[in-house]
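Heads up, the thing below is written out as structure tokens.
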Amino acid sequence: MHGRFTIEGFGRHVPERVLTNADLEAIVDTSDDWITTRTGIKERHIAAPGETSSDLAVVAARNALAQAGRTAQDLTHIFYATFTPDAVCPPASSILQEKLGIQGRSAVDMNAACSGFLYALEAGMGALALRPGSTALITASEITTCRTNWADRGTCVLFGDGAGAVILSDKEPKPGQAVIKDIITKSDGSLWPLLTVKAGGSGWPLKLGEQVKEDYFIEMNGPEVYKNAVRSMGQVCEEIVTRNGLAMDDVDLFIPHQANLRIIEAVGKRLKFTGDRVMVTVDRYGNTSAASVAIALSDAVSEGRVKSGSTVLLTTFGGGFTWGAAILKFI
Ligand code: UT7
């Protein structure tokens with residue numbers, strides 16, 4: 039479908055502090071049993087006070103650069119997916135560029151909620167097509183806990199913090215690297231009210247001295263998001279697999295957005311992925327939004343879940359709604 043784009047290296051980073059379901063029992067009216075049976079989540083990593091999205095991204099980026107055998111000096115572009123940047127302005131991508139010790143490169147933040155990593159990957163492919171020989175850092179990094187309402191048990195048990203990163207180029211791939219066979223991104227704005235973080239945006243400005251209210255935090259119609267996530271990820275996976283002349287049997291590893299184990303299993307059932315063919319990290323990280331698929335991809339590589347010749351199917355879903363899928367082939 040597309041030209042040849044190579045993922046040269048994979049990286050991820052999560053904060054040190056772990057928040058278990060037992061810890062949450064002390065914060066809200068919930069239980070380890072409810073969280074485990076409804077979501078599959080056992081624990082999540084959460085940022086220390088003052089730890090920012092770009093603090094996580096810089097470590098994930100350095101890990102990806104090291105795996106690629108590259109230095110930050112090689113980067114021409116940064117595409118940074120997040121809905122929790124360090125600040126509204128400057129962009130977190132500019133702060134990240136400074137932390138990486140480089141200057142004068144293209145750097146942009148992108149917000150496609152939980153689908154941001156695939157959108158950033160597609161944008162990176164576009165930049166490489168326009169400027170052959172470029173090398174892009176594609177990162178997704180979230181401090182979801184800065185927008186978590188710890189009084190809302192329906193959402194606060196679900197999310198975690200973390201970052202993932204890949205290095206993208208148009209160079210000939212080497213063993214251990216992956217080529218992007220195809221990518222699809224989609225959105226349906228008619229359903230935006232089902233998953234929001236409103237206050238602080240221009241439609242819901244905060245006034246000096248005003249207390250933040252519930253709409254400053256993640257608000258969600260869980261069951262509706264659940265249904266749409268299963269349907270949309272299922273459909274887009276069928277579309278990308280079919281248009282590449284493949285069958286689901288040709289996919290060696292399925293890496294879906296890590297929001298809820300029941301969603302992962304429902305999409306897996308529709309597409310007939312079970313057991314070892316499904317990457318699950320939600321138990322240990324919770325939902326890290328845009329970073330979720332990027333972290334799971336990095337863990338799949340470091341845990342030896344992919345080998346030479348593996349075909350990997352990624353899919354994601356998030357606020358907007360936004361969703362997408364990508365097919366990678368490992369060399
Ligand atoms: O990244 C994309 C964004 N998010 C998602 O993909 C999440 C999608 N949605 C979900 O994963 C699920 O809908 C949830 C995990 C959020 C909720 O699971 P559910 O099976 O849809 O539960 P529910 O919302 O229908 O709530 C069932 C019950 C309610 O009690 P009543 O009204 O039946 O008495 C809730 O108040 O569970 C209660 N409940 C809880 N109980 C204990 C909700 N949250 C909790 C909690 N602990 N943390």
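The opening position of the sequence shown corresponds to residue 39 in our numbering, with each subsequent residue numbered one higher.
Ideal Cβ placement from N, Cα and C applies to all residues, glycine included.
Item, Value
"Can you list, in chain order, the residues of its chain whose CB lies under 6 Å from that of residue 235, leaving out five sequence neighbours each side?", "185 and 256"
"By the three-class DSSP mapping on this structure, what secondary structure does residue 275 have?", "helix"
"Mind listing, in chain order, the continuous beta strand (DSSP E) runs of no fewer than 3 residues lying wholly within the region 46–114?", "56–58 and 81–83"
"Looking at residue 254 and ligand 1, is the gap between the Cβ and the nearest heavy atom below 8 Å?", "no"
"For ligand 1, is there a heavy atom less than 8 Å away from the beta-carbon of residue 261?", "yes"
"If I follow the unbroken beta strand (DSSP E) through residue 145, where does it start and stop?", "144–148"
"Is the number of C-beta pairs between the region 59–75 and the region 216–227 that are closer than 8 Å three or more?", "no"
"Given that a residue counts as buried once 16 or more other Cβ atoms are within 10 Å of its Cβ, and exposed if not, what is residue 279?", "buried"
"On a Cα-Cα basis, can you pick out the residue from 203, 206 and 327 that is closest to residue 357?", "327"
"Using the beta-carbon count (16 or more within 10 Å), is residue 162 buried or exposed?", "buried"
"Please determine whether the Cβ atom of residue 325 lies at a distance below 8 Å from any heavy atom of ligand 3.", "Ligand 3 is not part of this structure, which contains only ligand 1."
"Restricting to runs no shorter than 4 residues, where is the alpha helix (DSSP H) found entirely within the region 244–293?", "260–281"
"Could you give the first and the last residue of the continuous beta strand (DSSP E) run that contains residue 200?", "200–207"
"Any heavy atom of ligand 1 closer than 8 Å to the CB of residue 196?", "yes"
"Whole angstroms are fine: how far does the CA of residue 355 sit from the CA of residue 115?", "25 Å"
"Could you tell me the alpha carbon to alpha carbon distance between residue 39 and residue 113, rounded to whole angstroms?", "For residue 39, the predicted model reports a pLDDT of 40, less than 50, meaning its position is unreliable; a value from the coordinates is still stated below. Going by the C-alpha atoms only, they are around 25 Å apart."
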